[in-house]
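Keeping their order, the protein sequence lines are chains F and X. Going by our numbering, the first sequence opens with residue 1, and the numbers climb by one from there. Going by our numbering, the second sequence opens with residue 1001, and the numbers climb by one from there. The beta-carbon is built from N, C-alpha and C at its ideal position, and this holds for glycine as well. Below is one structure, written out as structure tokens; comments come after it.
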Amino acid sequence: MEAEVVPKKNRFNWFIMFWQGFTHMTNYGKTLWVLVILKLIIMFFILKPFFFPKYLDEKFDSDNEKASYVTTELVERSLK
Amino acid sequence: MDLLLNSAMVNWSRAQFAMTAGYHWLFVPLTLGLAIIMSIMESIYVKTGDESWKRATKFWQKIFGINFAIGVATGIILEFQFGTNWSNYSWFVGDIFGAPLVIEGIVAFFLEATFISIMFFGWNRVSKKTHLTATWLTTIGATLSAFWILVANAWMQYPIGMEFNPDTVRNEMTDFWALVSSPIAINKFFHAVLSGWGVAAAFVVGISAWYLIIKRHVDFALKSIKMGAIFGFISFVLLAVTGDGSAYQVSQKQPMKLATMEGLYEGQAGAGLIVAGVLNPKKEAFNDEVDPYIFKISIPKLLSYLGYRDLNAFVPGIKDIIDGGYKLQDGSTALSFAEKKEKGQKAVEALVNYKVAKESKRIAEAEIFEKELRDNYAYFGYSYLENPEDNIPNVPITFYSFHLMVIIGMYFILLFLVIWFFGRKQKLQSAKWLLYVGLWSIPLAYIASQLGWIVAEVGRQPWTIQDVLPVHAAVSNLSSGHVLTTFILFAVLFTGLLIAEVTIMVKQIKKGPDEVYKNDTFN
Chain F
1 MEAEVVPKKN RFNWFIMFWQ GFTHMTNYGK TLWVLVILKL IIMFFILKPF
51 FFPKYLDEKF DSDNEKASYV TTELVERSLK
Chain X
1001 MDLLLNSAMV NWSRAQFAMT AGYHWLFVPL TLGLAIIMSI MESIYVKTGD
1051 ESWKRATKFW QKIFGINFAI GVATGIILEF QFGTNWSNYS WFVGDIFGAP
1101 LVIEGIVAFF LEATFISIMF FGWNRVSKKT HLTATWLTTI GATLSAFWIL
1151 VANAWMQYPI GMEFNPDTVR NEMTDFWALV SSPIAINKFF HAVLSGWGVA
1201 AAFVVGISAW YLIIKRHVDF ALKSIKMGAI FGFISFVLLA VTGDGSAYQV
1251 SQKQPMKLAT MEGLYEGQAG AGLIVAGVLN PKKEAFNDEV DPYIFKISIP
1301 KLLSYLGYRD LNAFVPGIKD IIDGGYKLQD GSTALSFAEK KEKGQKAVEA
1351 LVNYKVAKES KRIAEAEIFE KELRDNYAYF GYSYLENPED NIPNVPITFY
1401 SFHLMVIIGM YFILLFLVIW FFGRKQKLQS AKWLLYVGLW SIPLAYIASQ
1451 LGWIVAEVGR QPWTIQDVLP VHAAVSNLSS GHVLTTFILF AVLFTGLLIA
1501 EVTIMVKQIK KGPDEVYKND TFN
């Protein structure tokens, strides 16, 4: 197999790879990135804070309070 | 405090989780399977230097990229739900369930995300071997992600490696390796990953068949369809092997699930495996005298062999598991539902008494109650079940899902074998009927893939954690209106994503591989 001789200016560079990759992206690639970013914004900045807060974190501050609450929940649902 | 549970809220929470998990599982199998297919194709290219394999690799890599981009973070939604809709569950299992999910995020995802950039952007920037390594590492990263998620799910089916802490009311990890090496986890991992390989094989074969039908990119299509058929055949045969493993695990750890999968109400020694059958809708109670089947075709003794590696082993039916009294594999006698419920209630009462004694600083008394709790903890969840029927999963859903999945699996073994045979005889292009069958079989692979999860998750009901925590004890005390709102939100969001993916993918498939090859950077 031929040895690969890579001129210094063509040697691998992370920044150049990403720069050229993103700037030479085709339309469908750009569309995908827009969809991904939009999806992440919707998930983390709309759904998570407004619709999916952590239930126990919202109601209680300490682990002791959470443990006490869950104990009550589990016990009451069992003995009802 | 009003703790009266709204059953509508419970069911909407379940429906939401099922819907989001189902959507997530539309994307994941293709990612897992295309990753390995493109890795194999690129390996062939690097080994042979044949540029047509590079063309094929880059095309399937593009499809992989579309699927990956649309599917990414659909799993995060499931984690959101743990914290909101399933807070009791989340707290109860946090220390043990959370660990695999964290590892998945940190290790597997970053491995995947790092090397995926070289895979897409690195063509002609790194050597062939470096690029190939990046492709394989992307594949390994995606597969590792699946492993950790499946470790977490396997723990729900067979909880081990933990100890319940009555002070914090949490299950705490005591044995990480027991969790990771759980036979349920190992088998589930191979079975789930192979199902992804099967979906991707069906996808590659179907799309290639379409190209052959319209007589475009013939060389590419012939290479892909032959490779896809061989890969698919091997995948589905191995799926049958791991499916056998799953049945064995289920018989040992979740006998009610196995009985439900087979619609087996009355246990039998030398029980037959049902190949096909129709359940009798008139069967309304587990202990009525009504025949559970309108008709069935079964292979004698095979269920006993699958479940217990003994052609004459006794396989308990639903009624036996409720009534108890039969001999278990270890020689002990199976407890009845009533006995398990009594133990579960003892465990809950012991927890209450422990807390009271601890608060009153009666330490010696607290230790007695703690022992009683631990002695009965294995049946903790039975204290929540009122009637024996509460312990039975939905029989028709589990039964039909299981059998349809197996039938589709057998179908694909045959289909790939036939395609491979026609490929060897150089008769694929003239066998238009077979190409159309290949094309229209793509949805069947997805259906089988979803059915597998339905069997796994509907079959484990009523449990979120087998025997320890049922669904209605696991949910948060939310209003059903809140859950319904988020259900609709997700339905709209995910349907939109799916339409976007299908639209973009169809457009790129119509363009075909030549378009990819012309632009030698990531498209």
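In this structure, valine 34 of chain F lies away from leucine 1351 of chain X, with their beta-carbon atoms at least 8 Å apart.
Restricted to the region 1393-1425 of chain X, the alpha helix (DSSP H) segments that are unbroken, complete and at least 4 residues in length are 1395-1424, listed in chain order. In this model, glycine 1423 of chain X and serine 1430 of chain X are separated by some 11 Å (Cα to Cα). For glycine 1325 of chain X, the number of other beta carbons within 10 angstroms of its own is below 16, and it is reported as exposed. Counting C-beta pairs with one atom in each stretch, the region 1177-1195 of chain X and the region 1256-1271 of chain X have fewer than three that are closer than 8 Å, which means they do not touch. According to the DSSP assignment, asparagine 1376 of chain X belongs to the alpha helix (DSSP H) that extends over 1363-1376. Using a Cβ distance threshold of 8 Å, glutamate 1370 of chain X and tyrosine 1354 of chain X count as a contacting pair.
Under the 10 Å beta carbon count, phenylalanine 1110 of chain X is surrounded by fewer than 16 other beta carbons and is classified as exposed.
Minimum Cα-Cα distance from isoleucine 16 of chain F among the listed residues X/Asp1175, X/Ser1117, X/Val1290, X/Ala1366 corresponds to X/Ser1117.
Leucine 1150 of chain X and alanine 1192 of chain X do touch by the CB rule: their CB atoms are close to 6 Å apart, below 8 Å.
With contacts defined by Cβ atoms closer than 8 Å, leucine 1179 of chain X and glycine 1161 of chain X form a contacting pair. Taking 9 Å as the upper bound on Cβ-Cβ separation, chain F lies near residues His1482, Thr1485, Thr1486, Leu1489, Phe1490, Leu1493, Leu1497, Ala1500, Glu1501, Ile1504 of the region 1480-1504 of chain X.
Threonine 1168 of chain X reaches chain F at Asp63, Ala67, counting residues in chain order whose Cβ is nearer than 8 Å. Residues of the region 1109-1129 of chain X with a Cβ closer than 8 Å to any Cβ of chain F, in chain order: Ser1117, Ile1118, Phe1120, Phe1121, Gly1122, Arg1125, Val1126, Ser1127. Chain F has a Cβ within less than 8 Å of the Cβ of threonine 1084 of chain X. Per the Cβ contact rule, the region 1432-1445 of chain X is not in contact with the region 1120-1127 of chain X (fewer than 3 Cβ pairs under 8 Å).
Linking threonine 26 of chain F to valine 1475 of chain X through their CA atoms gives a straight-line distance of about 45 Å. Taken through DSSP and simplified to helix, strand or coil, alanine 1276 of chain X comes out as strand.
Counting every other CB atom within 10 Å of its CB across the protein chains shown gives methionine 1405 of chain X a total of 16 or more, marking it as buried.
Note on geometry: alpha-carbon atoms of glutamate 1104 of chain X and methionine 1505 of chain X lie some 27 Å from one another. Under the 10 Å beta carbon count, glutamine 1426 of chain X is surrounded by fewer than 16 other beta carbons and is classified as exposed. Between the alpha carbons of glycine 1317 of chain X and phenylalanine 1286 of chain X lies a distance of about 10 Å.
Against chain X, the beta carbon of isoleucine 42 of chain F has neighbours under 9 Å at Leu1493, listed in chain order. Gly1065, Ile1066, Ala1069, Ile1070, Val1072, Ala1073, Ile1076, Ile1077, Phe1080, Gln1081: these are the residues of the region 1061-1081 of chain X whose beta carbon lies less than 8 Å from some beta carbon of chain F, given in chain order.
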